[in-house]
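*Asks:* This is the structure I want to talk about, given as structure tokens.
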Amino acid sequence: MKLIHSTILSAMVAMAPLTVYAGHHESEKHAKPNLKNAVDQLMDAFEKESVAMFDDAMAKDSDMVTFGTDASERWVGFDEVRDSFAKQVSAFEVERIDTKSQVIKTSNSGEVAWFSQIVDWHISNNGKSQTVPGIRVTGVLEKRGEHWKIVQFHTSAPVQGQVVEY
Numbered sequence: 031m032k033l034i035h036s037t038i039l040s041a042m043v044a045m046a047p048l049t050v051y052a053g054h055h056e057s058e059k060h061a062k063p064n065l066k067n068a069v070d071q072l073m074d075a076f077e078k079e080s081v082a083m084f085d086d087a088m089a090k091d092s093d094m095v096t097f098g099t100d101a102s103e104r105w106v107g108f109d110e111v112r113d114s115f116a117k118q119v120s121a122f123e124v125e126r127i128d129t130k131s132q133v134i135k136t137s138n139s140g141e142v143a144w145f146s147q148i149v150d151w152h153i154s155n156n157g158k159s160q161t162v163p164g165i166r167v168t169g170v171l172e173k174r175g176e177h178w179k180i181v182q183f184h185t186s187a188p189v190q191g192q193v194v195e196y
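Heads up: the sequence shown begins at 31 in the working numbering, then just goes up one per residue.
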């Protein structure tokens with residue numbers, strides 16, 4: 031039994047670096063706020079309806095793949111996802127976005143990070159306010175020079191119940 035506990039403890043200690051903010055180019059004190067700001071900038075861009083802010087948050091990779099909540103929303107390359115962003119923010123007004131359950135983790139190298147969060151969108155469309163709750167957003171960031179850039183993100187809307195019961 032002690033061997034099992036020791037093995038589990040060793041595994042937990044080995045995995046611990048994955049659960050903290052780590053950065054080889056930044057001090058630990060500054061890595062966490064800079065990384066969090068980079069993640070938050072995505073939702074801030076939607077709230078402020080700012081294409082420039084969206085552009086700044088994203089890597090400009092031609093091979094990035096991004097998914098939205100609609101079945102048809104699969105964009106390949108920065109240009110496609112940017113065009114969709116611009117279309118979305120011109121179609122409705124984002125009153126505010128409430129972020130909760132945000133988790134941000136970094137790789138041992140400190141060069142790659144990933145996040146997950148749940149957001150509630152409060153929007154106005156054609157003069158009607160509505161809330162779209164529980165949107166799940168996940169993504170991956172990469173350290174490019176001194177800045178974190180989003181290289182991939184995925185949004186999904188949960189369904190009630192299981193699609194296939196298990």
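For glycine and all other residues, C-beta sits at the position ideal for the given N, C-alpha and C. In this text the structure is predicted, and so the values were computed from the model without any measurement.
Please check the pair Val81 and Ala116, which I expect to be a contact at CB under 8 Å, by giving their CB distance rounded to whole angstroms.
*Replies:* 5 Å
*Asks:* Is Glu125 helix, strand or coil by DSSP?
*Replies:* strand
*Asks:* Distance check for Gly157 and Tyr51, CA to CA, integer angstroms please.
*Replies:* Its pLDDT being 39, under 50, Tyr51 is placed unreliably by the model, and the measurement read from it follows with that caveat. Taking the straight line joining both Cα atoms gives about 42 Å.
*Asks:* In whole angstroms, what separates the C-alpha of Glu103 from that of Ala187?
*Replies:* 12 Å
*Asks:* Could you give the distance in angstroms between the alpha-carbon of Val162 and the alpha-carbon of Val124?
*Replies:* 11 Å
*Asks:* Which whole-angstrom value is the C-beta distance of Phe108 and Ala89, which I expect to be below 8 Å?
*Replies:* 7 Å
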